[in-house]
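Data first, discussion second: the structure below is written as structure tokens.
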Amino acid sequence: MSQQVFLFAGISLGLLMALSLVRVIAGPTVLDRILGGNLIGTKTTVLLLVIGVLFDNVGMFVDIALAYALLNFITTLGAAKYFLHRKQVHIEQGEPAGEESAP
13 MSQQVFLFAG ISLGLLMALS LVRVIAGPTV LDRILGGNLI GTKTTVLLLV
63 IGVLFDNVGM FVDIALAYAL LNFITTLGAA KYFLHRKQVH IEQGEPAGEE
113 SAP
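Each step along the sequence shown adds one to the number in this note's numbering, with nothing skipped, and position 34 is 46.
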């Protein structure tokens, strides 16, 4: 019975990740896309733990999930800082933040 519950939870997480992928692809701003990617990474961390329960090897999957969560967090912070810095540079130069300057 519990195997079926965790299998249903895993499938549900997969479907929710697919919905989050829509935000990554069609997000109105760059920060919305970053947030969608972070959401997918968080759901992947939980999915790894569910897979660990399904295979009766939670210890190994906890280590993998923690490493993945840390990598996801650092990547999100780096991307947000990069795009925030890029926006500030455009504002200081007097250009609109959404447009790229021609080379």
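Don't be surprised by glycine CBs; every beta carbon is placed ideally from N, CA and C.
Rounded to whole angstroms, how far is the Cβ of residue i from the Cβ of residue j, which I believe are closer than 8 Å?
i: Ile52; j: Val36; result: 7 Å
i: Tyr80; j: Leu66; result: Not confirmed; about 17 Å, so no contact.
i: Val62; j: Leu25; result: 7 Å
Just to confirm the assignment, what range does the alpha helix (DSSP H) spanning residue i have?
i: Gln100; result: 70-104
For a test of your reading of the model: does the CB of residue i fall under 7 Å from any non-hydrogen atom of the ligand MN? Yes or no.
i: Ala91; result: The ligand MN is not part of the structure shown, which contains no ligands of any sort.
Touching by the beta-carbon criterion (3+ pairs, under 8 Å), the segment 23-40 and the segment 79-93: Between the segment 23-40 and the segment 79-93, the count of C-beta pairs closer than 8 Å stays below three; the two stretches do not touch.
Entirely enclosed beta strand (DSSP E) segments - the segment 26-51, minimum 3 residues: Taken in chain order, the whole beta strand (DSSP E) runs of length 3 or more contained in the segment 26-51 number zero.
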